[in-house]
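Mapping of the sequence shown onto this note's numbering: residues 11 to 268, in sequence order.
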Amino acid sequence: MRVLALATLAVALVACAPSAPTPTVAPLASFTPTIAPLASPPPATARATDEYTRLRKEMVVSQIQSRGVSATDVLQAMNAVPRHLFVLTEFLDQAYEDHPLPIGYGQTISQPYIVALMTEKLRVKRGDKVLEIGSGSGYQAAVLAQLGVEVYSVEIVPELAQAADERLKRLGYAVSVKQGDGYYGWQEHAPYDAIIVTAAPDHVPQPLVKQLKEGGRLVIPVGPQGSFQTLWQFTRTGDDVKAVNLGGVAFVPLVTGR
Ligand code: SAH
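Laid out in C-alpha cells, this is it:
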C-alpha cells in the first residue's frame with residue numbers, strides 16, 4: 011500500500027475530546043416549543059426554536075465557513091440539523107458553541123467544525139452509501155442523512171447505540187444503527203462510497219479499507235490514545251490508497267474487543 015501525504019492544514023483542532031465518564035444518563039434535549047405556556051415559564055436553559063436557528067446560522071458562518079469549509083450542501087446540512095436535540099439537556103446552552111460536549115459514557119459529540127470538515131472530505135452525493143463508525147449522539151449521522159445519503163452507523167456502547175437509533179428515528183433521519191465493534195465495519199452493506207470514523211484507532215483498520223468502493227473515501231483520525239491524532243482522508247484507488255493529511259485532531263479512542 012502506498013501512502014502519500016499531500017497536504018497539511020496548519021491548525022490544531024479539538025474534535026471529540028475525551029471527557030470524564032458520566033455515571034447516569036441525563037435525558038436528552040427534546041423539542042422546545044416556540045411559545046412557552048404562560049403558566050409555566052421555560053427553564054433557564056430552554057431557548058425558543060428561532061433562537062436556536064439564529065445560533066446555528068452564526069455557528070455555520072463564524073466557526074465553519076470562516077475556517078474554509080465551502081461545500082454548499084454541507085453548509086446547508088449543518089444549518090438544517092438541530093444540534094441542540096443531540097446534546098444532554100445540561101449542555102443545551104452550549105449546543106452551538108465551538109467545542110465538543112459530553113454525551114455520557116465518557117464519550118463526546120464532536121465540535122461542529124470537525125463534523126463539517128469531515129463531512130466535506132467524504133465528498134458524498136445524494137444516493138451514496140456511507141458507513142459511520144462511532145454513532146455517539148447520532149449527530150454526524152443526521153448531517154449525512156440530511157445530505158441524502160444512505161447511512162449505516164456502528165456504535166460499540168449498547169446504550170448509546172440504542173439512544174442514537176431512537177433519536178434518529180424520532181427526528182425522521184433515515185439511518186441504520188447497529189451495536190458492535192466498528193473496527194470490522196459492517197460487511198453486510200459493503201462496499202461503501204465513503205466511510206467516516208469518529209473515534210481514533212492507532213492504525214488504519216484494514217477491514218474498513220476493504221469495505222470501500224474503488225474511488226471511495228475514508229476519513230479517519232489515526233494516532234495514539236489520549237493525545238493528538240492526525241486526521242486523514244484516504245482514497246482507494248485499486249490496491250493503493252492515496253492519503254491527504256487534514257491536520258491535528260483530538261478524538262476519543264476507538265476501543266475494540268467488547
Ligand atoms: N459521531 C458521534 C461522536 C462520536 S464520539 C456524534 O456525532 O455524536 C466516538 C464514538 O465512538 C463514541 O460513542 C464511542 O462509544 C464510539 N466507539 C469507540 N470505539 C468504537 C468501536 N470500536 N466501534 C464502534 N464505536 C466505537
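Just so it is clear, CB atoms sit at the ideal spot from N, CA and C, and this is done for glycine as well.
Computed from a predicted model, the values in this text were never measured in an experiment.
Short Cβ contact (8 angstroms threshold) for residue i with residue j
i, j, result
"L256", "L127", "yes"
"Q172", "Y202", "no"
"G226", "A204", "yes"
"V125", "V153", "yes"
"V108", "Q73", "At residue 108 the sequence reads Asp, which differs from the Val that was named. Yes; because the gap between Cβ atoms is below 8 angstroms, this pair is in contact."
"V207", "I143", "yes"
"L181", "L95", "yes"
"M69", "Y115", "no"
Distance between beta carbons of residue j and residue i, contact taken as under 8 angstroms
i, j, result
"P215", "Y193", "5 angstroms"
"G190", "V164", "5 angstroms"
"P112", "M88", "In fact, because the Cβ distance is near 21 angstroms, the residues do not count as touching under 8 angstroms."
"L170", "Q86", "Not really, about 27 angstroms apart at Cβ, beyond 8 angstroms."
"V219", "R246", "7 angstroms"
Proximity winner among the options, relative to residue i (alpha-carbon distances)
i, options, result
"V91", "K139, G148 and D103", "G148"
"E198", "P217, A173 and V262", "P217"
"L102", "E224, A58, V207 and W242", "A58"
"G258", "I230, V265, L264 and T266", "I230"
"Q235", "W242, E130, V265 and R246", "V265"
"K131", "Q104, A81 and Y62", "A81"
"P263", "W242, L241 and P211", "P211"
"T129", "V79, A174 and F238", "V79"
"K223", "G233, A200 and F261", "A200"
"R136", "E61, R93 and V84", "V84"
"T63", "R93, Q75, S76 and F261", "R93"
"F261", "I119, Q75 and Q104", "I119"
Cβ-based neighbour list, residue i, same chain, cut-off 6 angstroms, excluding 5 preceding and 5 following
i, result
"F244", "L228, V251 and A253"
"V159", "V134, D138 and V140"
"G248", "none"
"V161", "V140, A151, L154, A155 and V185"
Cβ neighbours of residue i in the same chain (closer than 7 angstroms, five flanking residues each side left out)
i, result
"K179", "none"
"P37", "Its pLDDT being 40, under 50, P37 is placed unreliably by the model, and nothing is read from it."
"K67", "N89"
"D175", "V187"
Test: residue i CB closer than 8 angstroms to a CB of chain D
i, result
"L95", "Looking for chain D here will not work: only one protein chain is present."
Chain-order list of residues whose beta-carbon lies under 8 angstroms from that of residue i (same chain, five-residue window excluded)
i, result
"H213", "V232"
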